[in-house]
Amino acid sequence: MKNDFLANISHELRTPLNGIIGMLSILENLDLQQEERYFLSLAQESSQQLFEVIRDLLDFSQLDSGALGLKNEVFDLSEALHMGAGLLAAQAKEKGLELETSIHFTYPWYLGDRSRILQIIVNLLSNAVKYSDSGTIRLEAGDREGLEIRVIDEGIGIPESQQEEIFASFHQLESPYNKRVRGVGLGLAIVAELLKLMKGSISVESKEGQGSCFTVHLPDNFRKQTTESFVEEGPSIPADKIGGKILIVEDEAINRIYLSKMLSGHGFSIVEATDGHQAVERCVAESPDLVLMDISLPRLNGIEATREIHGMGKYRNLPIIALTAHAHTDDIDTFLKAGMSRVITKPVKEASLLESLSEYLKT
Numbered sequence: 001m002k003n004d005f006l007a008n009i010s011h012e013l014r015t016p017l018n019g020i021i022g023m024l025s026i027l028e029n030l031d032l033q034q035e036e037r038y039f040l041s042l043a044q045e046s047s048q049q050l051f052e053v054i055r056d057l058l059d060f061s062q063l064d065s066g067a068l069g070l071k072n073e074v075f076d077l078s079e080a081l082h083m084g085a086g087l088l089a090a091q092a093k094e095k096g097l098e099l100e101t102s103i104h105f106t107y108p109w110y111l112g113d114r115s116r117i118l119q120i121i122v123n124l125l126s127n128a129v130k131y132s133d134s135g136t137i138r139l140e141a142g143d144r145e146g147l148e149i150r151v152i153d154e155g156i157g158i159p160e161s162q163q164e165e166i167f168a169s170f171h172q173l174e175s176p177y178n179k180r181v182r183g184v185g186l187g188l189a190i191v192a193e194l195l196k197l198m199k200g201s202i203s204v205e206s207k208e209g210q211g212s213c214f215t216v217h218l219p220d221n222f223r224k225q226t227t228e229s230f231v232e233e234g235p236s237i238p239a240d241k242i243g244g245k246i247l248i249v250e251d252e253a254i255n256r257i258y259l260s261k262m263l264s265g266h267g268f269s270i271v272e273a274t275d276g277h278q279a280v281e282r283c284v285a286e287s288p289d290l291v292l293m294d295i296s297l298p299r300l301n302g303i304e305a306t307r308e309i310h311g312m313g314k315y316r317n318l319p320i321i322a323l324t325a326h327a328h329t330d331d332i333d334t335f336l337k338a339g340m341s342r343v344i345t346k347p348v349k350e351a352s353l354l355e356s357l358s359e360y361l362k363t
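Take the sequence shown: its letter number 276 is residue 276 in the numbering used here, and every next letter is one higher.
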């Protein structure tokens, strides 16, 4: 019941958040005064913080129920770590912190889930930035006993009495009445659980007032000496090289406005539908090149509409991408089995959506 509740709450929060982030994205492209742009940046930062809380709640519910699966792909571990540092560079600079990296692997190719390892590094670096007011944050990685990654900061440190508790769910260093940083206390718990799934581990050394060192160990047997397991996918297509007619199926007016405005700005022709029955009718009348399909729709839901569209011989291979606030692993599997080409969870990021479209549409 708890896991279902968290998944449902996540869905109900993601849907309006997608509209908020979408409208803010549209505002960003308008001719704003300096003060207006400053207020916009604050709203975007707040929406991003809310999204992170929602994501953590969903990840926690999936980990707690054993429903979170991991991908197995060969990737450059060094590149992923540098990417993680790059994502926190601006935030560190804003606080006057130095962010340094020292990453040296004999063989950087690793078989595992790149996005989850990136999530681990971003969580650890984000904590280091949050709990540091000055000094240097270091990301170190290399071949020691297995593969070892360390995040070292000169921040407030962790009292010895709390060091065994910080990886527990909902644990926070500070009293809720004296909090300096935001969060629900799930970041380190998620990191520990993800590493357990990966057969890895995490430990901490810290002195109060002198900083902390978090050490991640990854299993060495998943390291690769070559990139032979890479699947050749071909070059990606830039957004300005794609086009076509897209049917947007979405019952929330704000989300339709955002998607239509954003995609028409990239040269796409847009057709809209507000429920599943209308989606089927629009396919017959308009012959779109691709469908962006919400799942929770009145009259006929997105799964049923997808099956009806693909059931018409002419459209059996029509790409249908789910845009949904249902982000649980079981839900995503259901959508893919129903015939959807891909699942993109809300809030939708413009760059990610365009990258997905580029795989299905060409001028």
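Every residue gets a Cβ at the ideal spot worked out from N, C-alpha and C, and that includes glycine.
Computed from a predicted structure; not experimentally measured.
In angstroms, rounded to a whole number, what distance separates the CA positions of His104 and Glu36? For the purposes of this step, residue 104 is taken as the residue at position 104 of the sequence shown. For the purposes of this step, residue 36 is taken as the residue at position 36 of the sequence shown. Roughly 44 Å between the two C-alpha positions.
Rounded to the nearest angstrom, what separates Met198 and Gly112 at their Cα positions? Counting from one through the sequence shown, the residue named residue 198 turns up at place 198. Counting from one through the sequence shown, the residue named residue 112 turns up at place 112. Rounded to the nearest angstrom, the two C-alpha atoms are 8 Å apart.
Whose C-beta lies closer than 7 Å to the C-beta of Gly96 among residues of the same chain, with five residues either side of it excluded? Translated into the one-based positions of the sequence shown, residue 96 becomes position 96. Only residues of its own chain outside the window of five on either side were considered, and among them Ser134 have a CB closer than 7 Å to the CB of Gly96, listed in chain order.
Which term fits Lys346, buried or exposed, when burial requires 16 or more other beta carbons within 10 angstroms of its beta carbon? The count along the sequence shown starts at 1 and reaches residue 346 at position 346. Taking a 10 Å sphere around the C-beta of Lys346, we find 16 or more other C-beta atoms and assign the residue as buried.
Is Tyr110 helix, strand or coil when you go by DSSP? Counting from 1 along the sequence shown, the entry for residue 110 is found at position 110. Correct three-state label for Tyr110: strand.
If you compare alpha carbons, which of Ser296, Lys245, Ala273, Asp275 is closest to Leu318? As a working note, residue 318 is residue 318 in the sequence shown. Ranked by how close their Cα comes to the Cα of Leu318, the residues Ser296, Lys245, Ala273, Asp275 have Lys245 in first place.
Close-in-space but distant-in-sequence residues of the same chain around Val216 (CB under 6 Å, 5 per side omitted): Along the sequence shown, read from residue 1 onward, the residue named residue 216 stands at position 216. Within the same chain, and ignoring the five residues on either side of Val216 in sequence, the residues whose Cβ sits closer than 6 Å to its Cβ are Ile149, Ile202.
Drop a sphere of 10 angstroms on the beta-carbon of Pro288, count the other beta-carbons inside from all chains shown, and report buried for 16 or more, exposed for fewer. In the sequence shown, counting from the first residue as 1, residue 288 sits at position 288. The residue is buried, with at least 16 neighbouring Cβ atoms inside 10 Å.
Member of Asp251, Ser296, Leu88, Leu13 whose CA lies at the smallest distance from the CA of Arg138: Along the sequence shown, one-based indexing puts residue 138 at 138. Looking at Asp251, Ser296, Leu88, Leu13, the one whose alpha-carbon comes closest to that of Arg138 is Leu88.
For Gly302 and Phe268, which I take to be in contact (beta-carbon distance under 8 Å), what is that distance rounded to the nearest angstrom? Residue mapping note: residue 302 aligns to position 302 of the sequence shown, counting from 1. Residue mapping note: residue 268 aligns to position 268 of the sequence shown, counting from 1. That belief does not hold up - the Cβ atoms of Gly302 and Phe268 are roughly 20 Å apart, past 8 Å.
Is Gln278 close to the ligand COA? I mean its beta-carbon at under 7 Å from any heavy atom of the ligand. This structure simply doesn't include the ligand COA, nor any ligand for that matter.
In the DSSP assignment, find the alpha helix (DSSP H) that holds Ala85 and state where it starts and stops. Within the sequence shown, residue 85 is the residue found at index 85, counting from 1. The continuous alpha helix (DSSP H) containing Ala85 extends over residues 77-94.
Decide if the region 303-318 is in contact with the region 328-338; the criterion is three or more beta carbon pairs, one per stretch, under 8 Å apart. Touching, yes, given that three or more Cβ pairs across the two stretches are closer than 8 Å.
Considering Cα atoms alone, identify which of Gly339, Gln119, Pro108, Leu125 is closest to Met293. By 1-based counting over the sequence shown, the position of residue 293 is 293. Looking only at Gly339, Gln119, Pro108, Leu125, the smallest Cα-Cα distance to Met293 is reached by Gly339.
To which residues of the same chain is Gln91 closer than 6 Å at the C-beta, ignoring the five residues directly before and after it? On the sequence shown, residue 91 is found 91 positions in, with the first residue counted as 1. Counting only Cβ-Cβ distances below 6 Å, and skipping sequence neighbours, we find Val129.
In terms of DSSP beta bridges, what is Lys245 paired with? The count along the sequence shown starts at 1 and reaches residue 245 at position 245. The partner list for Lys245 (beta bridge, DSSP) reads Ser269.
Enumerate in chain order the residues of its own chain whose CB-to-CB distance from Glu193 is below 7 Å, with the five nearest sequence positions on each side excluded. For the purposes of this step, residue 193 is taken as residue 193 along the sequence shown, with counting starting at 1. Excluding the 5 residues flanking it on each side, Glu193 has same chain C-beta neighbours closer than 7 Å at Leu63, in chain order.
Can you grab the Cα-Cα spacing for the pair Ser212 / Leu297, in whole Å? As a first step, residue 212 must be located in the sequence shown, where it is residue number 212. As a first step, residue 297 must be located in the sequence shown, where it is residue number 297. Straight-line Cα distance between these residues: approximately 48 Å.
Is Ile344 near Ala322, with beta carbons less than 8 Å apart? Counting from one through the sequence shown, the residue named residue 344 turns up at place 344. Counting from one through the sequence shown, the residue named residue 322 turns up at place 322. Their beta carbons are under 8 Å apart, which means Ile344 touches Ala322 by this criterion.
Sort Thr136, Asp153, Asn127, Ala141 by Cα distance to Ile166 and report the nearest one. Position 166 of the sequence shown, counted from the start, is the residue given in the question as residue 166. Nearest Cα to Ile166 within the set Thr136, Asp153, Asn127, Ala141: Asn127.
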